[in-house]
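Residue numbers (our numbering): 98 to 743. Below is one structure, written out as structure tokens; comments come after it.
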Amino acid sequence: MRLTALLLSTALLAPPALAQSAAVERVEVGNRVSENLSEVPAELVERLDRYQNTRGASLGGWLPDGSVLVSTRFGETNQVHRVASPLGMREQLTFYREPLSAVTPAPGRNAFVFGKDVGGSEFWQLFWFDVDTREVTMLTDGGRSQNTTPLFSHDGKQLAWASTARNGTDYDLWVRDMATGQARMVLKEGGLWSPLDFSPDGQRLLVLKYVSINESYPGELDLATGKLRLFPVDGGKAAFNAFRYAPDGRSVFYVSDEGREFMTLRHHDPQGGEPRLVSGNIPWNVTGLEIAPDGRHLAYAINEDGISRLRVLALPEQRQIRLPDLPIGVIGNFSFSPDGRSLAVTLNSATSPSDVYVYDLGTPALARWTRSEVGGLDASRFRAPELVRFPTFDEVDGKPRTIPAFYYRPEGDGPFPVVISIHGGPEAQALPTFNPTTQFLLEELKVAVLVPNVRGSAGYGKTFLQLDNGFLRKDSVKDIGALLDWIATRPELDANRVGVSGGSYGGYMVLASMVDYADRIRAGIDVVGISHFGTFLKNTEDYRRDLRRAEYGDERIPEMKAFHDEIAPLNNAHRITSPLFVAQGYNDPRVPWTEAEQIVKAVRGNGGEVWYLMFMDEGHGFRKKTNSDYFGAASILFWQQHLLAE
98 MRLTALLLST ALLAPPALAQ SAAVERVEVG NRVSENLSEV PAELVERLDR YQNTRGASLG
158 GWLPDGSVLV STRFGETNQV HRVASPLGMR EQLTFYREPL SAVTPAPGRN AFVFGKDVGG
218 SEFWQLFWFD VDTREVTMLT DGGRSQNTTP LFSHDGKQLA WASTARNGTD YDLWVRDMAT
278 GQARMVLKEG GLWSPLDFSP DGQRLLVLKY VSINESYPGE LDLATGKLRL FPVDGGKAAF
338 NAFRYAPDGR SVFYVSDEGR EFMTLRHHDP QGGEPRLVSG NIPWNVTGLE IAPDGRHLAY
398 AINEDGISRL RVLALPEQRQ IRLPDLPIGV IGNFSFSPDG RSLAVTLNSA TSPSDVYVYD
458 LGTPALARWT RSEVGGLDAS RFRAPELVRF PTFDEVDGKP RTIPAFYYRP EGDGPFPVVI
518 SIHGGPEAQA LPTFNPTTQF LLEELKVAVL VPNVRGSAGY GKTFLQLDNG FLRKDSVKDI
578 GALLDWIATR PELDANRVGV SGGSYGGYMV LASMVDYADR IRAGIDVVGI SHFGTFLKNT
638 EDYRRDLRRA EYGDERIPEM KAFHDEIAPL NNAHRITSPL FVAQGYNDPR VPWTEAEQIV
698 KAVRGNGGEV WYLMFMDEGH GFRKKTNSDY FGAASILFWQ QHLLAE
């Protein structure tokens, strides 16, 4: 990904000097720029230290010798480590200042591919890492292109990926011959394409064109001729999130919401008539699909109201096999071993960071392969949330619509101050995963945390997912108003001390909530948030613009432009009267720093109190530990001064 091209009419600007007013001091420390922040006390840093030194481990995949690659942090950033046995040592393989992504082992080779950007720009380049020699080779152009979704053929001889190298906007598909090193563009259709699976013989490629979370188009590409054949979509429009060739190389397993509310696993054999529903009796989304290299098993995960369930089928009969239960939590990626006899799974929960577990499918047995650190804290004191539902302003079938939320309650009777944490996306879902900041608020400050999945969130069916699109945008903000009403009915919660926090789209929700409910919100923290959809769509990176228009509306249409102007927190900044903390990464390609700069200026210009924090070596969020720790400490101090004060 590229260093953020701010796409302003002028040349690349210097960091915003918002401290031109004598009343605001601008402080620069290394890559950190801040304005109006209070100095963080040493005592608070010490209290936070153990929470900020928790860390997890996420699965990267398997090597041929039966060891697994995991992503974990022993220094500033997440790097690749190798683990050879259950609870064995983590051998660090990569040592970069930037975090790595898209770790993909090469079948049959003691090597893997990974992605890396610079400073959070998201212009990821792909690299080959030889585990034996520790040599690293860049596979992509090294320029201002985004290179994503690396995918090996089953024999490891070919590597496919998506790249914006041609024009900076469209995601074309490339394939590299790993023996000769020759790479060629195999699909140039325009739009956002991804490679999904090679056929067993390596001659065909399943591909997907993504338009929005509600609309995508699968197809098959003949790599020899370049001919693309799009598959028919039931109803003409649907969402897909996985496509895999069955072991026979003819039929396919895939996940879509064609004709149904939820993403459902299906199997289609062209010689056997219509597609068959595999998970049709499950009223929840299927979130992942993998098939073992030996073709004997298929695994898929289900999201049941935020909790994951894993199912494994014996192939070809599609018979479910019984396995020991995983601990209750959220499943991340999962992968079969090269011999197909084991299945590794990343699992996270509200009370435990991510760790890797491995099933022996023959026994069957479950073993824990990593045990992540929790900073010396007493993990038994971590608190899990309760799933609650609160009524909102509209109705479904004559009854009030309810909105789900995860409710983290401190020990004791209260009344507790409250932080409402709003997820980004908006096409995402807040899940009960481990968050050390949440645990600090609960244990150390006795602050309750509510994490709602307002309308527009994923995981609750496609009707719910589309309830905030376009001109319905403010309906999701009304859900926060309904949550404030619910808080007022709870004797253990203090409705007079409520704060809101959120990142990206969640940052917009923070600003919009502070506009609409100024008298009910004590303070807010906006991280890389959108302050005006019109300026956001103008300045976001080219490759994202049409994707975001599908959700937020097309600003080129006069009626939509007028609506964006009407609802923009920037244009209603005079109504933000509570203290505001805005944090931003300068290299953010998604929500450029200009969104932060303009809302800070506007609120401050109306006499509002604003803390402002910018990291020059970060993008859409803070992935370096030093930066994340400082932001975390500053956030806690902000809550202490503006939420906890009587």
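Virtual Cβ for every residue (Gly too), placed ideally from N, Cα, C. Everything numeric in this text was worked out from a predicted model, so none of it was measured.
Through-space distance from residue j to residue i, alpha-carbon basis
i: Q189; j: F171; result: 9 Å
i: D354; j: M360; result: 4 Å
i: F340; j: E652; result: 33 Å
i: A411; j: D436; result: 15 Å
i: S118; j: G704; result: Confidence in S118 is poor, its pLDDT being 42 and thus under 50, which makes the residue's placement too unreliable to answer from.
i: P113; j: G631; result: With a pLDDT of only 47 at P113, under the threshold of 50, the placement of this residue in the model should not be trusted, and no figure is reported.
i: M275; j: V304; result: 20 Å
i: G650; j: L569; result: 10 Å
i: A527; j: Q222; result: 29 Å
i: E663; j: Y454; result: 50 Å
i: I500; j: N338; result: 25 Å
i: N566; j: R406; result: 29 Å
i: L420; j: L458; result: 8 Å
i: P297; j: E524; result: 33 Å
i: F220; j: H717; result: 12 Å
i: R416; j: G356; result: 25 Å
i: G682; j: R241; result: 18 Å
i: D229; j: L580; result: 55 Å
i: A257; j: T234; result: 16 Å
i: L145; j: D475; result: 14 Å
i: D685; j: T637; result: 9 Å
i: A615; j: D391; result: 59 Å
i: P292; j: A259; result: 7 Å
i: D572; j: M606; result: 11 Å
i: S131; j: F678; result: 11 Å
i: P461; j: D227; result: 33 Å
Three-state secondary structure (DSSP) of residue i
i: S118; result: At S118 the pLDDT is 42, less than 50, meaning the model places this residue with poor confidence; the figure from the coordinates comes in the next sentence. Three-state DSSP puts S118 in coil, outside helix and strand.
i: I519; result: strand
i: F337; result: strand
i: R552; result: coil
i: P202; result: strand
i: M45; result: Within the shown structure, residues of the chain are numbered from 98 to 743, placing residue 45 beyond reach of any answer.
i: E355; result: coil
i: N244; result: strand
i: V746; result: Given a span of 98 to 743 for the chain in the structure shown, any question on residue 746 remains unanswerable.
i: T691; result: helix
i: G163; result: coil
i: A181; result: coil
i: I618; result: coil
i: M606; result: helix
i: F531; result: coil
i: V700; result: helix
i: D475; result: coil
i: W708; result: strand
C-beta atoms of residue i and residue j nearer than 8 Å
i: L542; j: Y505; result: no
i: V165; j: A398; result: no
i: G596; j: D623; result: no
i: W708; j: N133; result: yes
i: M657; j: W690; result: no
i: Q149; j: P533; result: yes
i: S675; j: G621; result: yes
i: F728; j: F719; result: yes
i: A396; j: V375; result: no
i: R187; j: L236; result: no
i: V544; j: P507; result: yes
i: Y342; j: V352; result: no
i: L667; j: A693; result: no
i: G212; j: S250; result: no
i: A759; j: N550; result: The structure shown does not extend to residue 759, since the chain is modelled only from 98 through 743, so no value can be given for it.
i: V126; j: S168; result: no
Cβ of residue i within 8 Å of any chain B Cβ
i: G369; result: Of the chains in the structure shown, none is chain B; there is only one protein chain.
task = Any chance you could list the alpha helix (DSSP H) runs of at least 4 consecutive residues sitting entirely within the segment 625-688, in chain order?
result = 630-636, 639-649 and 655-664
Beta strand (DSSP E) runs contained entirely in the segment 486-517, provided each spans 3 or more residues = 496-505
request  = Kindly confirm or deny that the segment 242-251 and the segment 262-272 touch, where touching means at least three C-beta pairs closer than 8 Å.
outcome  = yes
query = At which residue ranges does the segment 365-414 contain complete alpha helix (DSSP H) runs of 4 or more residues, listed in the order of the chain?
reply = none
inquiry  = Would the segment 512-532 count as touching the segment 580-592 if we require 3 or more Cβ pairs under 8 Å?
reply    = yes
ask   = Is the segment 194-201 close to the segment 210-225, with three or more CB pairs under 8 Å?
value = yes
task = May I have a chain-ordered list of the beta strand (DSSP E) segments no shorter than 3 residues that lie completely inside the segment 246-334?
result = 255-260, 269-274, 280-284, 289-295, 301-309, 312-319 and 325-327
inquiry  = Quick check for students: name the residue ranges of the beta strand (DSSP E) that lie wholly in the segment 422-471, counting only runs of 3 or more.
reply    = 427-433, 439-446, 449-457 and 462-465
ask   = Would you call the segment 314-330 and the segment 289-303 touching, i.e. three or more CB-CB distances under 8 Å?
value = yes
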